[in-house]
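A.B. asks: Line order of the protein sequences matches chains X and V.
Counting in this note's numbering, the first sequence runs from 42 upward without gaps.
Counting in this note's numbering, the second sequence runs from 57 upward without gaps.
All residues carry an ideal CB built from backbone N, CA and C; glycine is no exception.
Quick caveat: nothing in here was measured; it's all calculated off a predicted structure.
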Amino acid sequence: MIWVSVTISFFALRVVPYDAITAQLMEVGVSSEVIEVRRSALGLDLPLVLQYLHYLGGLVQGDLGVSLLNGLPVAELIVFNVYPTLELALSSLLIGCVLGVPLGMWGIAKRWDGVVGDRRLNVWLPYALPLRNFVIALILSVPGYWLGTILIWVFALELDWLPASGAGGLERLLLPAIVLGIGVAGGVATMSVVLVGDVLRQEYVRVAYGKGLSARSVTSKHVLRMILPGVVAHLNTQAVFLLGGTVITESVFSRSGLGRLLLDAAVRQDFPVVQGVVVWSSCMVLLANVVTTVMQTILDPRIRS
Amino acid sequence: MRMLIILFTALLIAPALAPYDPLMTQPSDAFQPPSIAHPLGTDQFGRDVLSRTLYGGRTTMTIALIAAGAAVALGGAAGTVMGVSGLGFGIVLRIVNTTNNALTTIPPITTAITISIMIRDNTQALIISAILSQLPHIIKWAQQVSEITTRMPHIEPAKALGARKIQILAQHIMPTLYPQIRGKMILTVQSTILLTTALNILGIGFSPEIPEWGNLLREGKEAYRQAPWIAAAPGLAITIINIILLRYADQTSR
Numbered sequence: 042m043i044w045v046s047v048t049i050s051f052f053a054l055r056v057v058p059y060d061a062i063t064a065q066l067m068e069v070g071v072s073s074e075v076i077e078v079r080r081s082a083l084g085l086d087l088p089l090v091l092q093y094l095h096y097l098g099g100l101v102q103g104d105l106g107v108s109l110l111n112g113l114p115v116a117e118l119i120v121f122n123v124y125p126t127l128e129l130a131l132s133s134l135l136i137g138c139v140l141g142v143p144l145g146m147w148g149i150a151k152r153w154d155g156v157v158g159d160r161r162l163n164v165w166l167p168y169a170l171p172l173r174n175f176v177i178a179l180i181l182s183v184p185g186y187w188l189g190t191i192l193i194w195v196f197a198l199e200l201d202w203l204p205a206s207g208a209g210g211l212e213r214l215l216l217p218a219i220v221l222g223i224g225v226a227g228g229v230a231t232m233s234v235v236l237v238g239d240v241l242r243q244e245y246v247r248v249a250y251g252k253g254l255s256a257r258s259v260t261s262k263h264v265l266r267m268i269l270p271g272v273v274a275h276l277n278t279q280a281v282f283l284l285g286g287t288v289i290t291e292s293v294f295s296r297s298g299l300g301r302l303l304l305d306a307a308v309r310q311d312f313p314v315v316q317g318v319v320v321w322s323s324c325m326v327l328l329a330n331v332v333t334t335v336m337q338t339i340l341d342p343r344i345r346s
Numbered sequence: 057m058r059m060l061i062i063l064f065t066a067l068l069i070a071p072a073l074a075p076y077d078p079l080m081t082q083p084s085d086a087f088q089p090p091s092i093a094h095p096l097g098t099d100q101f102g103r104d105v106l107s108r109t110l111y112g113g114r115t116t117m118t119i120a121l122i123a124a125g126a127a128v129a130l131g132g133a134a135g136t137v138m139g140v141s142g143l144g145f146g147i148v149l150r151i152v153n154t155t156n157n158a159l160t161t162i163p164p165i166t167t168a169i170t171i172s173i174m175i176r177d178n179t180q181a182l183i184i185s186a187i188l189s190q191l192p193h194i195i196k197w198a199q200q201v202s203e204i205t206t207r208m209p210h211i212e213p214a215k216a217l218g219a220r221k222i223q224i225l226a227q228h229i230m231p232t233l234y235p236q237i238r239g240k241m242i243l244t245v246q247s248t249i250l251l252t253t254a255l256n257i258l259g260i261g262f263s264p265e266i267p268e269w270g271n272l273l274r275e276g277k278e279a280y281r282q283a284p285w286i287a288a289a290p291g292l293a294i295t296i297i298n299i300i301l302l303r304y305a306d307q308t309s310r
């Protein structure tokens, strides 16, 4: 899997005739011989197949090559930038889960009390589901960067509660994590709505009501328990996008991170770094798959046997 | 649907609706708050934000429709072939499938950034990168959906009646897939809007003076201290279009 994506990105990135060194040195105005010397020092004049084998050989030893611009090892650049991205990704997944699951389940308790015949709650019944659907549609539709700008404007500029930019520390993490977390919550909520719909049709939910359990305890004990494995599976697909680099949020909040690393490298044609980030995100996807399987096994005893 | 038609018409006849030329600068009118002369205010060069939002919608929506249409057509066709054949055509399809699954591990925005920088041509780069970055995910989706369709109860009798493969595909599988593909198409338009405006916000895409929603948002982000209204118009426009598209996708795929 990783090998396939490494191979494709390796050759795709080298289709372009120019690279960072040529661009950088041409700007300074040095002769083409100097450029050639510099290129051959980094092994860029070798045939593409040889370069590819060199790269693969380095990769199995954890060597991702060096940046064409500043000569730093790519692995080091990634390690340096990984922490801000990781903390952002994990905290936004957490926020997405905490917001999204209740949002997806919002309204079902009322619907079932309505069926059972609780008149007090029936007043809200016609509004709960459309309102929930609208909130979900709204948070799925708001572009993250715009939400980020609004939050910076309100919380950093007008109220002056939180810093607007940078990375490090909880107070700098909060706003970007909320922006990304709301995005995740939209997907989680949509997923929960579908899953809850399936679970509510199950016989054991009717049995639980038949036993005289209140809607609240059916929801929290029987329904929630059932949808969690599905929610975790959905979070897995979201994690793919988050760990690969949260480019836009990082640039709105001027945070350092893998997304910024990728963007800067891509703009300057520094393809070893771009390649490194692609390899990293492929590895993270595999890791996320493993974590998902483990969590599902913990949450759903039926998988264990 | 009605809302969608109204919105598209408004964007289509933007030249007639827009009160000003979206590129006309008027330095004396810089950073005007919303007023009767400029209903949504002006930006740092005194350009009318309402006019720029209307024209920007044309650019953004044209690109989104072309890219989403192409991506869903290509990805839907490839994915359906792979799903329906059950990867039975041997090694070629299996290689395509493995390659595609590997490509879905790369986030679309990563692919989109890299491709649009490699091509270095504004409109083409945006369209091609939006297509290619979403293609693996659409192929995977179409493959899964069509594979489920081949297991539906009405396929077996059709086979038993001696229908040819192409007949089953055209008369029994495609009609079942059609509403889902239509829904996917609308959702892809939505994600393409977010993707292409994101590229413009990052500064890879159109040059800043061209009215486009991403460019307007970036301009608004840079000037949010003096003029918060610049980002308000395109941000709201994207949100509203997305809500309408989501609702329409929900209705149509049922």
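Taking only beta-carbon atoms, is P184 of chain X less than 8 Å away from chain V?
C.D. replies: Yes, its Cβ sits closer than 8 Å to a Cβ of chain V.
A.B. asks: Indicate, with yes or no, if the ligand SAM has a heavy atom lying under 7 Å from the CB of S292 of chain X.
C.D. replies: Ligands are entirely absent from the displayed structure, and the ligand SAM is therefore not among its contents.
A.B. asks: State whether the stretch 181-196 of chain V contacts the stretch 221-228 of chain V, with contact taken as three or more CB pairs (one from each stretch) at a distance under 8 Å.
C.D. replies: No, the stretch 181-196 of chain V does not touch the stretch 221-228 of chain V.
A.B. asks: Could you check if T115 of chain V is buried or exposed, using at least 16 other CB atoms within 10 Å of its CB as the buried criterion?
C.D. replies: It counts as buried.
A.B. asks: Does the contact criterion of 3 or more C-beta pairs under 8 Å hold for the stretch 126-140 of chain X versus the stretch 220-236 of chain X?
C.D. replies: Cβ pair count under 8 Å is three or more, so yes.
A.B. asks: Output, in chain order, the set of chain X residues within a Cβ distance shorter than 9 Å of A254 of chain V.
C.D. replies: Per Cβ cutoff of 9 Å: P184, G185, Y186, V288, I289.
A.B. asks: DSSP state of V156 of chain X, grouped into three classes?
C.D. replies: For V156 of chain X, the predicted structure reports a pLDDT of 49, less than 50, and the residue's modelled location is therefore unreliable. The matter cannot be settled from this model.
A.B. asks: Of all the CB atoms in chain V, is at least one closer than 8 Å to the CB of A230 of chain X?
C.D. replies: Judged by the 8 Å Cβ criterion, A230 of chain X is not in contact with chain V.
A.B. asks: Candidates X:V248, X:D311, X:M325: which alpha carbon is nearest L127 of chain X's?
C.D. replies: The residue with the shortest Cα to Cα distance from L127 of chain X is X:M325.
A.B. asks: So, is the C-beta of L304 of chain X closer than 8 Å to a C-beta in chain V?
C.D. replies: Taking Cβ atoms only, chain V reaches closer than 8 Å to L304 of chain X, which makes this a yes.
A.B. asks: Between A307 of chain X and chain V, is the shortest Cβ-Cβ distance under 8 Å, so that the two count as touching?
C.D. replies: So yes, A307 of chain X belongs to the interface.
A.B. asks: Can you pull the chain X residues whose beta carbon is under 7 Å from the beta carbon of A283 of chain V, in chain order?
C.D. replies: What A283 of chain V touches in chain X: nothing, since even the nearest Cβ is about 11 Å away.
A.B. asks: Quick one: what's got a C-beta closer than 8 Å to I175 of chain V's C-beta in the same chain, skipping five residues either side?
C.D. replies: Cβ neighbours of I175 of chain V beyond the five flanking positions: A181, I184, S185.
A.B. asks: Taking 8 Å as the cut-off, does the stretch 236-247 of chain X touch the stretch 324-340 of chain X (at least 3 CB pairs, one atom from each stretch)?
C.D. replies: With a cut-off of 8 Å, the stretch 236-247 of chain X and the stretch 324-340 of chain X do not count as touching, because too few Cβ pairs lie within range.
A.B. asks: Report the rounded CA-to-CA distance for L319 of chain V versus I286 of chain V, giving the unit in angstroms.
C.D. replies: For residue 319 of chain V there is no data in the structure shown, the boundaries of chain V being 57 and 310.
A.B. asks: First and last residue of the alpha helix (DSSP H) that includes G137 of chain X?
C.D. replies: Looking at the DSSP string, the run of the alpha helix (DSSP H) that includes G137 of chain X is 115-146.
A.B. asks: Where do the ends of the alpha helix (DSSP H) carrying G99 of chain X lie?
C.D. replies: Unbroken alpha helix (DSSP H) run through G99 of chain X: 89-101.
A.B. asks: Got a sec: is the Cβ-Cβ distance from K277 of chain V to anything in chain X below 8 Å?
C.D. replies: By this cut-off, K277 of chain V is an interface position.
A.B. asks: When you compare only the Cα positions, how much space is there between Q92 of chain X and A158 of chain V?
C.D. replies: Each residue's Cα considered, the two are about 22 Å apart.
A.B. asks: So P323 of chain V and D104 of chain V are in contact, right, with Cβ under 8 Å, and what is the actual spacing, rounded?
C.D. replies: For chain V, the structure presents residues 57 to 310; residue 323 of chain V sits outside this window and is missing.
A.B. asks: For P264 of chain V, which of V:L292, V:R303, V:N178, V:L243 has the nearest alpha-carbon?
C.D. replies: It is V:N178.
A.B. asks: For T190 of chain X, report the span of its alpha helix (DSSP H) as first-last.
C.D. replies: Looking at the DSSP string, the run of the alpha helix (DSSP H) that includes T190 of chain X is 185-192.
A.B. asks: Less than 8 Å separating the beta-carbons of I43 of chain X and V237 of chain X?
C.D. replies: Going by C-beta atoms, I43 of chain X is not nearer than 8 Å to V237 of chain X.
A.B. asks: Write down the C-beta distance between E275 of chain V and D77 of chain V rounded to the nearest angstrom, noting that I regard them as a contact closer than 8 Å.
C.D. replies: Actually they do not touch by this definition, with Cβ atoms about 17 Å apart.
A.B. asks: The alpha helix (DSSP H) with A307 of chain X in it runs from where to where?
C.D. replies: It spans 299-308 - the alpha helix (DSSP H) in which A307 of chain X sits, taken as one unbroken run.
A.B. asks: Quick check on the burial criterion: 16 or more other C-beta atoms within 10 angstroms. Buried or exposed for M208 of chain V?
C.D. replies: Exposed, because fewer than 16 other Cβ atoms sit within 10 Å of the Cβ of M208 of chain V.
A.B. asks: Please return the same chain residues whose Cβ sits closer than 8 Å to the Cβ of L179 of chain X, not counting the five positions on each side in sequence.
C.D. replies: Once the five neighbours on either side are set aside, L179 of chain X has no close Cβ partner at all.
A.B. asks: What is the rounded straight-line gap between the Cα of D104 of chain X and the Cα of V115 of chain X?
C.D. replies: Taking the straight line from one Cα to the other gives about 8 Å.
A.B. asks: Can you name the residues of chain V whose CB is closer than 9 Å to the CB of F196 of chain X?
C.D. replies: Per Cβ cutoff of 9 Å: no residues; F196 of chain X is ~12 Å from chain V at best.
A.B. asks: As a quick exercise: from V:Q227, V:I194, V:L292, pick the residue whose alpha carbon is nearest that of I124 of chain V.
C.D. replies: At residue 124 of chain V the sequence reads Ala, which differs from the Ile that was named. When only C-alpha atoms are compared, the closest one is V:I194.
A.B. asks: Taking Cβ positions only, does T308 of chain V come closer than 8 Å to chain X?
C.D. replies: Not one chain X Cβ lies under 8 Å of T308 of chain V.
A.B. asks: Strictly below 8 Å CB to CB, what residues from chain X border T155 of chain V?
C.D. replies: Neighbours of T155 of chain V on chain X, chain order: V45, I49.
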